[in-house]
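A short worksheet on the structure shown next.
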Amino acid sequence: MKKFVLILIFLPLLRNASISSEIDSAYVYNTYNTIAKRLIMQSMNDSTAWETLAFFCDTFGPRFSGSKELNDALFWAKYALERDSFVNVRLEKVMVPNWKRNTEEAYITYPRNKRINISAFGGSVGTNGIYIEAPVIVVNSFDELKEKSQLVKGKIVVYNFPYKGYGNGVQFRFWGAVRAAELGAVASLMRSISPIGFHKTHTGMTQYVDTINKIPHAAISMEDAALLQRLQDRGVVPKIKMMLNCETREDTISYNLVAEYQGRTLPNEYVAMGGHSDSWDNTPGAHDDASGCIAPWFAIKAMMELGYRPARTLRLVWWVNEENGVRGGKSYAEEHKHEKHRVVFEFDSGVFEPTAIGISGDDKMVAILKGIEPLIKEISPLFEVRKGGGGVDIGPSMKNGIPGMSLSTKGNDEYFWYHHSSSDTPEKVDPLLLNKCIAVIAVATYIYADLPDFISTH
Ligand SMILES: [Zn+2]
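For the sequence shown, counting from 1, position 439 maps to 438 in numbering that gives the first Met the number 0; every step adds exactly one.
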C-alpha cells in the first residue's frame with residue numbers, strides 16, 4: 000500500500016520529466032500546427048482590431064502620464080475587457096510623474112523673423128514664463144561642441160546631427176542639455192530624431208544631473224535646424240527667442256491595467272503580455288503604443304472565439320508610464336514577483352511586417368518555439384524565432400528572472416517618421432499588418448502558455 004502511494008505521488012513528476020525531455024520544435028509543430036493555423040486564420044480575418052485601435056486613439060487622444068485622458072482610457076478599457084469576457088479585470092494603482100508642457104513658442108529673430116515649431120523634451124525645465132533670446136551656435140556632434148567650447152557661453156546650442164538611426168539621435172536628447180550647460184549655454188535645441196522633416200517636431204525624454212545647471216532642452220524641426228546650419232555656414236550668427244512654460248508637478252495617480260483569460264489546468268501560472276498604455280502628450284500614439292495594447296488583447300480574443308484555452312493563464316497587462324518613468328513596469332515587477340510567470344511578453348515596436356519573436360530564455364526555449372516558424376512564414380516570409388528579447392516595460396520583470404519575449408517588426412526608418420510626433424495616428428497603421436502581428440502574438444503566447452513544463456532553469 001505504501002509503495003503504491005509513493006508511486007502515485009511521484010507519477011506526475013515522472014510524467015513531466017519525460018514530457019519535458021521530448022519537447023522540441025518537432026513536438027511543437029506536431030502538437031500545435033492545427034491550433035496555430037486556426038489562430039492565424041482567425042486573426043487575419045478579423046476587422047475589429049484596427050477599428051478598436053482607431054476608436055481608442057480618436058476617443059482619448061494623447062494619453063500622457065498624469066493626464067485625465069490616460070485614466071479615462073484605462074477606465075474605458077477595463078469596461079471593454081470585462082465585456083469581452085476577460086476575468087479579474089482590475090486597475091492596479093501606480094504613482095506616475097506629472098510633467099506638463101503648457102504653452103511653448105520659439106522664433107528665429109535674426110537675420111529675419113520666423114516662427115519655428117518647438118517641442119520641449121519631457122522633464123525639461125521651462126523659461127519661467129519669460130522669453131529668452133540668445134545667439135545660436137550649431138554643432139553636428141558632441142565632438143564639435145567640445146572643439147567650439149570657447150564659443151558656447153551665453154548661447155543657445157543647436158544640435159544638427161545627421162540622422163543615423165534612432166539610437167544615435169537619442170544621445171543628444173538625453174545628454175544635450177547637460178553637455179551644453181557645462182559650457183555655459185542658456186538653452187539647447189536639437190533637430191528631431193526622424194529621417195524626414197515636414198516641419199514636424201518629435202518629443203521624448205531628457206535628463207539632467209544634479210551638479211550641472213538645468214537649461215531648457217527642446218526639439219525643433221529638421222528644416223529649421225538645417226536653416227540655422229546654412230546661416231552659420233555663411234558666417235551669420237542667428238538669434239533665437241523662445242519661451243517654454245513646462246513644469247514638473249507632484250506625482251499623481253494612474254494604473255496598470257490587468258485582465259486575465261484563466262488557464263485550463265495551471266491557472267496560477269502566467270504568461271503576461273501587453274504594451275504600454277501611455278503615449279507622449281503630442282500624439283495619440285497609434286503605433287507607440289496603442290498597438291501594443293490592442294494587439295495582445297485581440298490575440299487572446301482570437302483564442303476565446305475559437306474556444307482554445309491554454310493550460311496557463313494569459314494575463315493582458317497594459318503597463319503605464321513607459322515613456323517618461325517606467326513606473327508601471329517597475330510596479331508590476333514588484334507587485335507580482337511572487338507569482339509564477341513563465342514568460343513576459345511586450346509589443347512596442349510599431350505595426351509593420353513581423354520579422355521575429357525574440358526570447359531571452361535559454362537555448363531550449365528558442366529551439367522549441369522554432370517549431371512554429373514555418374507556419375508564420377506562410378503569412379510573413381521574413382519571420383524567424385531568435386534568441387534575445389525584451390522591452391522597457393518588461394525589463395524590471397526580466398531582472399527578477401522571468402524570460403522576456405518581444406515581437407520585432409520591419410519598421411526600419413518608417414517608424415521614426417511618426418514616432419513621438421503628432422503624426423502617429425491610426426491611418427498610419429495598416430490593418431493587414433496589425434492582424435499579422437496579432438496572429439504571431441496569438442500563436443507564440445498560446446504555445447508558451449500551454450506547453451508542458453518547458454523552462455529548465457528559473
Ligand atoms: Zn513605446
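Glycine residues also receive a C-beta, built at the ideal position from the N, C-alpha and C atoms.
Quick caveat: nothing in here was measured; it's all calculated off a predicted structure.
Three-state class that DSSP yields for residue i in the structure shown
i	result
His419	coil
Ile393	coil
Thr251	strand
Ala16	Below a pLDDT of 50, predicted positions are generally treated as unreliable, and Ala16, at 43, falls in that range; the measurement from the model is reported next regardless. Reduced to three states, the DSSP call for Ala16 is helix.
Thr312	strand
Ser123	coil
Leu381	coil
Tyr28	helix
Ala355	strand
Leu256	strand
Ile6	Because the pLDDT of Ile6 is 43, which lies under 50, any placement of that residue in the model is unreliable, and the question is left without a value.
Ile107	strand
Ala184	coil
Ile299	helix
Proximity winner among the options, relative to residue i (alpha-carbon distances)
i	options	result
Val325	Asp452, Phe54, Tyr417, Ser396	Ser396
Gly461	Leu243, Gly327, Leu305	Look at the range of the chain in this structure, 0 to 457, and you will see that residue 461 is not part of it.
Lys113	Leu226, Gly389, Thr312, Thr424	Leu226
Leu265	Pro309, Pro295, Arg248	Pro309
Leu90	Lys154, Phe141, Asn255, Gly403	Asn255
Met364	Phe344, Ile375, Arg385	Arg385
Glu146	Leu182, Ile34, Asn29	Leu182
Arg190	Lys163, Glu222, Met204	Glu222
Met303	His216, Val88, Asp83, Val27	Asp83
Met272	Ile299, Ser253, Asp250	Ile299
Tyr417	Gly284, Asn87, His216	Gly284
Gly389	Lys369, Gly328, Tyr158	Gly328
Tyr130	Glu104, Arg111, Val235, Ser123	Glu104
Ser420	Phe85, Ile117, Ile107, Asn32	Ile117
Arg111	Glu372, Ile239, Asn411	Ile239
Val151	Gly164, Ala176, Pro161, Tyr165	Ala176
Phe141	Val135, Gly125, Thr126, Phe160	Phe160
Asp71	Leu374, Phe55, Phe85, Val86	Phe55
Gln170	Gly122, Met204, Lys36	Met204
Status (buried if at least 16 other CB within 10 Å, exposed otherwise) for residue i
i	result
Ala25	exposed
His198	exposed
His337	exposed
Phe74	exposed
Lys154	buried
Arg341	buried
Arg172	buried
Tyr353	Reading off the sequence shown, one finds Pro at residue 353, where the question assumed Tyr. Pro353 is buried by the Cβ-count criterion.
Tyr78	exposed
Val235	exposed
Asp412	exposed
Leu13	Caution is warranted here: a pLDDT of 42 is assigned to Leu13, below 50, making its placement in the model unreliable, and the coordinate value is therefore given only provisionally. With fewer than 16 other Cβ atoms within 10 Å, it is exposed.
Gly168	buried
Arg263	exposed
Leu381	exposed
Gly349	buried
Val486	Coverage of the chain is limited to positions 0 through 457, which leaves residue 486 absent and any answer about it impossible.
Gly370	buried
Neighbourhood of ligand 1 [Cβ distance below 6 angstroms to any heavy atom], ordered by chain position: Taken from the N-terminal end onward, the list reads His275, Asp287, Asp288, Glu321, Asp347.
Three or more C-beta pairs under 8 angstroms: does that hold for the region 60-70 against the region 86-100? Verdict: yes, contact present.
Quick one: any contact between the region 423-438 and the region 29-42, if contact means 3 or more CB pairs under 8 angstroms? Short answer: they touch.
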